[in-house]
Amino acid sequence: MDSDERAIDPGSPRAAAEYLIRLRPIVGDATGVRRALLHSFRELADDVRRGGPMIAERAAAIGAERIGVFRALRDQLDGLATPSSCSAAHMTLGRWLNRLIDCCEVLRTVGTTGDVAELGRARSLLAEAQEYARGFNDEHTALVDEIRDLVDDATRRMRLPLR
-1 MDSDERAIDP GSPRAAAEYL IRLRPIVGDA TGVRRALLHS FRELADDVRR GGPMIAERAA
59 AIGAERIGVF RALRDQLDGL ATPSSCSAAH MTLGRWLNRL IDCCEVLRTV GTTGDVAELG
119 RARSLLAEAQ EYARGFNDEH TALVDEIRDL VDDATRRMRL PLR
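For the sequence shown, counting from 1, position 130 maps to 128 in the working numbering; every step adds exactly one.
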């Protein structure tokens, strides 16, 4: 860490902006993996409706393939220093990742137990995750808007003539 990073007030808008920048790759990676999970889950649900073979095995593979990535992303999120102004967004994003991890665990359990009815529970966890994603998006938008307003105010003050 260089001296500029240490000098930033953790409660400042700059700290919040830097936090959001560090958050961007985590959110991007998680969104991509979630998209792949949803695609695989939809295909699995179609196979269940058609009575396709090896449903439990495929469910286990889908969960196992993605759970490690979601856990690693959660660890990255937990490793970020969170300014107080970003704590609600941070917590909501963590809950989103937790629901995706829970979904993957349920899918792996389906593979172990063969209980295909548990796919309904996985679907419910995905729905919960979607709600947390909406909440995070709202929090993120509010933070970005607040930072933009502060930057605009500071820019206007810099342009005022000195008396």
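Even glycine gets a Cβ: it sits at the ideal position worked out from N, Cα and C.
All figures in this text were calculated on a predicted structure; none of them were measured in a lab.
- Under the rule that a run must span 4 or more residues, no alpha helix (DSSP H) segment is found entirely inside the stretch 54 to 109.
- Rounded to the nearest whole angstrom, the CA to CA distance from residue 52 to residue 70 is 28 Å.
- The three-state reading of DSSP puts residue 118 in helix, counting H, G and I together.
- Comparing alpha carbon positions, the residue from 81, 54, 93 closest to residue 72 is 93.
- Within the stretch 131 to 158, not a single complete alpha helix (DSSP H) segment reaches 4 residues in length.
- Where residue 30 is concerned, the enclosing alpha helix (DSSP H) starts and stops at 11 to 48.
- Contact holds between the stretch 54 to 67 and the stretch 31 to 46, because three or more Cβ pairs, one in each stretch, are under 8 Å apart.
- Within its own chain, the residues whose Cβ lies closer than 8 Å to the Cβ of residue 96, once the five positions on either side in sequence are excluded, are 72, listed in chain order.
- In its chain, beyond the 5 residues on either side, 81, 84 have a beta carbon closer than 6 Å to the beta carbon of residue 17.
- With the rule of 3 Cβ pairs closer than 8 Å, the stretch 99 to 111 does not count as touching the stretch 136 to 144.
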